[in-house]
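Quick notes on the structure that follows.
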Amino acid sequence: MRISEVIVDDVQQPITTKQQVGWKRAASIRRTLLTILVLAQSVLASSYMTAVLPYHGGNFVELGIITLFFVLFAWISVGFWMGIFGFVIRCFGGDRLSLLRRHTATELNQQPLAKTAVVMPIYHEPIHRTFSGIRAVYRSLEQTGQIDHFDFFILSDSRNPNVWLAEQAAWHQLCQELGAGEHLFYRRRTLNQHYKSGNIADFLRRWGRGYEYMIVLDADSLMGGSTLVKMVQLMQAEPRTGILQTNPTLVNARSMFARVQQFANNMYGPIFTTGLAALQLGEAVYWGHNAIIRTRAFMQHCSLKRLNGPGLFHGSILSHDFVEAALMGRAGHEVWLEPDLLQTHEESPPTLVDDLQRDKRWAKGNLQHLWVMLFEPRLRPAHRMAFLNGIMSYLASPLWLIFLLLTTIEAARLVLVPINYFPEPHSLFPLWPEWNPEWAIVLASSTLFLLFFPKLLAVIDAIRCRRVSHHGGFLRLIPSVIGEILVSSLLAPIRMLAHSRFVLESLLNLTLSWAGQNRTDETRWSAALLHQAPGTLLAGGWAAFAYWLDQMFFYWSLPVAGPLIFAAPTSVFLSRVGPGDWLKRRKFFQVQEERFGSPLLDDLNNSPHPAMSPQGRTSSPAVQAIVDPVLNQVHQAMAHDHRGGKKQKMILSLRKRCFHQGPEKLTQKELSHLVRDRASLHWLHEQAWCASPDSYWGKALQRHFQHRTEETIT
Amino acid sequence: MIARSLAEQALSRVCHYLSAMGVELTREVTVQALKLVEAGLASEQEDPLQFVMARVHEHFAIQKPVLPTTAPPITRSSMGFSE
Numbered sequence: 094m095r096i097s098e099v100i101v102d103d104v105q106q107p108i109t110t111k112q113q114v115g116w117k118r119a120a121s122i123r124r125t126l127l128t129i130l131v132l133a134q135s136v137l138a139s140s141y142m143t144a145v146l147p148y149h150g151g152n153f154v155e156l157g158i159i160t161l162f163f164v165l166f167a168w169i170s171v172g173f174w175m176g177i178f179g180f181v182i183r184c185f186g187g188d189r190l191s192l193l194r195r196h197t198a199t200e201l202n203q204q205p206l207a208k209t210a211v212v213m214p215i216y217h218e219p220i221h222r223t224f225s226g227i228r229a230v231y232r233s234l235e236q237t238g239q240i241d242h243f244d245f246f247i248l249s250d251s252r253n254p255n256v257w258l259a260e261q262a263a264w265h266q267l268c269q270e271l272g273a274g275e276h277l278f279y280r281r282r283t284l285n286q287h288y289k290s291g292n293i294a295d296f297l298r299r300w301g302r303g304y305e306y307m308i309v310l311d312a313d314s315l316m317g318g319s320t321l322v323k324m325v326q327l328m329q330a331e332p333r334t335g336i337l338q339t340n341p342t343l344v345n346a347r348s349m350f351a352r353v354q355q356f357a358n359n360m361y362g363p364i365f366t367t368g369l370a371a372l373q374l375g376e377a378v379y380w381g382h383n384a385i386i387r388t389r390a391f392m393q394h395c396s397l398k399r400l401n402g403p404g405l406f407h408g409s410i411l412s413h414d415f416v417e418a419a420l421m422g423r424a425g426h427e428v429w430l431e432p433d434l435l436q437t438h439e440e441s442p443p444t445l446v447d448d449l450q451r452d453k454r455w456a457k458g459n460l461q462h463l464w465v466m467l468f469e470p471r472l473r474p475a476h477r478m479a480f481l482n483g484i485m486s487y488l489a490s491p492l493w494l495i496f497l498l499l500t501t502i503e504a505a506r507l508v509l510v511p512i513n514y515f516p517e518p519h520s521l522f523p524l525w526p527e528w529n530p531e532w533a534i535v536l537a538s539s540t541l542f543l544l545f546f547p548k549l550l551a552v553i554d555a556i557r558c559r560r561v562s563h564h565g566g567f568l569r570l571i572p573s574v575i576g577e578i579l580v581s582s583l584l585a586p587i588r589m590l591a592h593s594r595f596v597l598e599s600l601l602n603l604t605l606s607w608a609g610q611n612r613t614d615e616t617r618w619s620a621a622l623l624h625q626a627p628g629t630l631l632a633g634g635w636a637a638f639a640y641w642l643d644q645m646f647f648y649w650s651l652p653v654a655g656p657l658i659f660a661a662p663t664s665v666f667l668s669r670v671g672p673g674d675w676l677k678r679r680k681f682f683q684v685q686e687e688r689f690g691s692p693l694l695d696d697l698n699n700s701p702h703p704a705m706s707p708q709g710r711t712s713s714p715a716v717q718a719i720v721d722p723v724l725n726q727v728h729q730a731m732a733h734d735h736r737g738g739k740k741q742k743m744i745l746s747l748r749k750r751c752f753h754q755g756p757e758k759l760t761q762k763e764l765s766h767l768v769r770d771r772a773s774l775h776w777l778h779e780q781a782w783c784a785s786p787d788s789y790w791g792k793a794l795q796r797h798f799q800h801r802t803e804e805t806i807t
Numbered sequence: 013m014i015a016r017s018l019a020e021q022a023l024s025r026v027c028h029y030l031s032a033m034g035v036e037l038t039r040e041v042t043v044q045a046l047k048l049v050e051a052g053l054a055s056e057q058e059d060p061l062q063f064v065m066a067r068v069h070e071h072f073a074i075q076k077p078v079l080p081t082t083a084p085p086i087t088r089s090s091m092g093f094s095e
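Residue numbers (the numbering used here), protein chains in the order written: chain A, 94 to 807; chain B, 13 to 95.
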């Protein structure tokens with residue numbers, strides 16, 4: 094199928110060519126300008142680096158240093174100029190080419206709404222938070238009076254029966270509470286192929302045809318009803334748009350780590366996102382959630398093939414979103430990032446350990462994109478650049494590590510190896526090594542300028558837009574910014590080392606265990622020490638070597654070695670909720686929602702659902718599924734009938750074991766087989782209610798009665 | 013804790029079951045439940061708990077709970093790989 098045919102087929106109302114030519118021309122100009130600025134700046138800085146080095150690039154080590162410096166400097170220059178672009182555009186009142194600015198509020202409100210599915214793929218997510226989030230979004234949408242145009246789908250890939258039984262119970266409870274029986278659905282895949290993208294594809298194959306649009310939420314997403322309505326209106330007004338991505342801001346943070354991330358996201362986010370959106374325009378990327386998708390176009394063009402390359406580049410694509418945006422772009426549709434759509438949120442991982450755990454998955458997923466970037470035909474150059482950007486997000490770390498290694502070799506050579514004045518044989522002229530530490534300081538300062546100047550611009554932007562009060566006023570904003578810079582500087586070397594390891598693991602296609610995985614909200618000392626031990630030992634050894642080698646080199650190593658040596662206490666301290674709450678009460682690292690409140694967040698946090706939270710349960714979800722008469726019927730309605738054969742025999746044997754010993758004595762797989770069988774649920778329910786008071790089920794019933802009585806009293 | 017008699021256990025189960033199924037425990041319903049328990053205790057062939065729970069649906073007007081629709085009707089279609 095040719096692209097032109099696809100467009101004619103999909104796009105009902107052709108857009109005026111003027112608008113499309115307008116943004117494409119602007120995109121070319123802006124991207125060319127960015128490329129010139131970044132290259133010019135990087136070439137200049139690299140030539141300065143050449144001058145700083147003792148042999149001015151006269152050996153392989155120095156050539157390596159200069160090459161890596163060029164790549165890394167160019168990488169941070171892109172971020173720097175993106176911030177500058179965003180700041181300038183915001184000073185001029187925003188990007189006139191953005192989708193939202195093309196239409197007045199009246200024009201948008203006149204757009205008829207179309208049937209939209211709000212889908213939330215989940216996999217072993219915290220049930221209370223997930224369902225409270227759906228409730229908050231649903232209620233917010235209800236308040237707009239447009240709920241009839243939307244259906245919600247919870248798409249579960251959970252494997253543990255105690256998790257998915259709890260999900261089903263929570264879904265039922267939510268339907269009852271919201272009276273949402275006709276708009277809130279639950280589907281669980283028994284075979285979860287191709288991860289999240291497979292889950293979405295499964296939904297689309299079953300129900301996609303019935304919906305013009307699909308809004309994808311993550312388990313921690315939170316979106317206002319008016320935003321959802323506006324997104325549908327924008328898609329209706331812009332039929333060429335295939336994906337419209339919002340810019341979710343972080344909310345609901347409690348631990349120190351999450352609060353700092355949340356503050357940085359809210360404080361610096363506006364200028365960076367505006368800059369990014371201005372450079373990408375109609376060739377933006379999809380971040381996998383808090384976005385609206387034109388269902389038909391997505392189904393037609395965005396199915397993901399398995400990668401057919403070697404090692405890492407073989408099998409399912411782990412990070413599907415960038416690829417789907419690129420496929421949408423290839424089919425002739427536009428993908429937009431709209432930073433001015435408000436009331437779109439997500440949450441930060443609570444701890445550094447959780448953050449790195451997520452990065453581990455993302456590192457592998459982004460590196461896989463190299464294959465797509467190089468070999469997928471007819472992708473737009475902007476989307477190939479987006480892949481490169483994603484790859485560099487992780488590849489920059491090992492490059493930095495190698496850069497540090499080469500500088501250490503260079504320093505060691507200068508001290509330990511006698512100076513060779515005649516590196517070239519038969520030369521009459523000696524080569525004198527020159528070392529200018531003051532030039533190195535200038536170079537380091539310019540790098541710091543690139544990293545921190547956009548943050549200063551973000552503060553100026555906050556002052557200009559009267560957002561200072563959102564962050565607790567000027568007297569709290571400045572210490573918060575300094576605190577954030579301090580924390581991000583402490584975390585940068587830790588992330589560098591962790592990302593280097595993730596990249597190496599991914600490239601070798603290894604799955605090495607990462608010790609001390611954190612399952613709670615706070616990181617334990619033992620886990621932190623175990624987790625950070627390799628980095629601490631490596632950095633300690635490096636710093637000791639630097640000290641032995643040369644005192645000046647030791648001082649240069651400290652900004653990297655220091656944070657790695659103290660990584661464990663940093664990780665533990667940042668995971669703590671106590672200091673986070675303390676700072677919140679004193680309005681440090683404050684964000685807009687904390688200052689002015691948010692109905693969405695209030696709804697999320699102030700409506701406890703005892704049955705959804707683990708604290709509210711007196712027995713496991715499997716026991717509740719059997720003893721609670723209503724829940725038993727809910728689970729039966731979602732279970733299957735088995736027709737006999739070997740499986741039926743196995744299920745009959747499991748039933749008996751479950752009745753005599755309880756579900757805890759079954760393996761996860763066995764329990765899963767059992768509670769997916771409708772007849773077994775029915776049989777166990779009947780048997781449990783007739784069981785002797787001293788039996789397992791008699792006692793389970795007694796606990797259930799007590800819990801219900803307590804619930805009634807409270 | 014005082015050990016409860018079988019009659020108490022049986023009555024407790026019937027009442028909790030009815031309550032969970034949305035039946036209001038009025039005086040009449042409770043009397044009916046007591047009669048069922050009495051019949052269960054009088055029965056010599058069957059365990060009283062099994063007796064009462066096997067007959068609870070015959071003795072009381074228990075409505076089936078209205079369950080929400082799990083999913084809308086499937087409108088099957090396919091995902092494409094168009095280039």
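By construction, the Cβ of each residue, glycine as well, lies at the ideal position given by its N, Cα and C atoms.
Quick caveat: nothing in here was measured; it's all calculated off a predicted structure.
Here's a check: name, in chain order, each residue in its chain whose Cβ is nearer than 6 Å to the Cβ of residue i, leaving out the five neighbours to either side.
i	result
A/W790	A781 and A784
A/K453	F595
A/V154	L499, I502 and E503
A/H753	none
Who are the Cβ neighbours of residue i in its own chain at under 7 Å, not counting the five residues just before and after it?
i	result
A/K398	none
A/Q685	N359 and H563
A/L400	F406, H407, G408, I410, Q461 and W464
A/L694	V344, N345 and E686
List the whole-angstrom C-beta distance separating residue i from residue j, where the pair is believed to meet the contact cut-off of C-beta under 8 Å.
i	j	result
A/A351	A/S225	Incorrect: roughly 17 Å between the Cβ atoms, too far for contact.
A/R678	A/E615	That pair is no contact at about 19 Å.
A/T388	A/Y304	5 Å
B/L30	B/V43	About 13 Å separates the two Cβ atoms, so there is no contact after all.
A/L667	A/M349	5 Å
A/A793	A/V720	6 Å
A/V148	A/L536	A small fix is needed here, since residue 148 of chain A is Tyr in this sequence, not Val. Rounded, the Cβ-Cβ distance is 16 Å, inconsistent with contact.
A/R688	A/H733	Not really, about 51 Å apart at Cβ, beyond 8 Å.
A/H276	A/F245	6 Å
A/Q625	A/S582	Not really, about 17 Å apart at Cβ, beyond 8 Å.
A/Y231	A/A273	6 Å
Under the DSSP definition of a beta bridge, which residues are partnered with residue i?
i	result
A/I215	A/S249
A/I338	Looking at the sequence itself, residue 338 of chain A is Gln, so the reference to Ile does not match. According to DSSP, A/Q338 bridges with A/A384 and A/L430.
A/L400	A/G408
A/F243	A/T209
A/V309	A/V212 and A/A384
Might you give, ordered along the chain, the residues of its own chain that have their beta carbon closer than 8 Å to the beta carbon of residue i, omitting 5 neighbours on each side?
i	result
A/P526	P147, Y148, L507 and I512
Flag residue i as yes if its beta-carbon sits less than 7 Å from any beta-carbon of chain E, otherwise no.
i	result
A/F243	Structure shown: chain E not included; protein chains present are A and B.
Point to revise | Residues of the region 21-32 of chain B whose Cβ lies closer than 7 Å to any Cβ of chain A, in chain order | key: Q21, S24, R25, H28, Y29 and A32
Check your understanding: How about the region 557-577 of chain A and the region 420-440 of chain A: do they share at least three Cβ pairs that are nearer than 8 Å?
Key -> no
Point to revise | Members of the region 710-741 of chain A near chain B, C-beta cut-off 7 Å | key: D721, P722, V723, Q726, V727, A730 and M731
**Study point:** Near-chain B residues of the region 383-408 of chain A (beta-carbon distance less than 7 Å), N- to C-terminal order
**Key:** M392, Q393, H394, S396 and K398
Practice item. Assess, as a yes-or-no matter, whether the region 316-326 of chain A is touched by the region 360-370 of chain A under the definition of 3 or more beta carbon pairs within less than 8 Å. Key: no
Exercise for review: With 9 Å as the C-beta to C-beta threshold (strictly closer), list the residues of the region 784-799 of chain A near chain B in chain order.
Suggested key: A784, S785, P786, G791, L794, Q795, H797 and F798
Practice item. Taking 8 Å as the threshold, find out whether the region 507-526 of chain A comes into contact with the region 328-340 of chain A through three or more Cβ pairs. Key: no
Point to revise | Interfacial residues, the region 263-274 of chain A to chain B, with Cβ spacing under 7 Å | key: H265, C268 and G274
Practice item. Could you list the residues in the region 42-66 of chain B with a C-beta less than 8 Å from some C-beta on chain A, going in chain order? Key: D59, L61, Q62, M65 and A66
**Study point:** Sufficient close CB pairs (3 or more, under 8 Å) joining the region 253-271 of chain A to the region 213-232 of chain A
**Key:** yes
Exercise for review: Below 7 Å between beta carbons is the criterion; list the residues of the region 285-314 of chain A that meet it against any residue of chain B, in chain order.
Suggested key: A294, L297, R298, R299, W300, G301, R302 and G303
Exercise for review: Decide yes or no for the touch test of the region 736-752 of chain A against the region 794-805 of chain A: beta carbon pairs closer than 8 Å, at least 3 of them.
Suggested key: no
Review point. Would you call the region 481-494 of chain A and the region 422-432 of chain A touching, i.e. three or more CB-CB distances under 8 Å?
Key: no
Check your understanding: Is the region 366-377 of chain A touching the region 119-129 of chain A in the sense that three or more CB pairs, one from each, lie closer than 8 Å?
Key -> yes
Point to revise | Contact residues within the region 77-91 of chain B, judged by C-beta distance below 9 Å to chain A | key: P77, V78, L79, P80, T81, T82, A83, P84, P85, I86, T87, R88, S89, S90 and M91
Practice item. Tell me, please, whether the region 541-551 of chain A touches the region 171-183 of chain A by the rule of three or more beta-carbon pairs shorter than 8 Å. Key: yes
Practice item. Note down, in chain order, all residues in the region 162-176 of chain A with a beta-carbon under 7 Å from any beta-carbon belonging to chain B. Key: none
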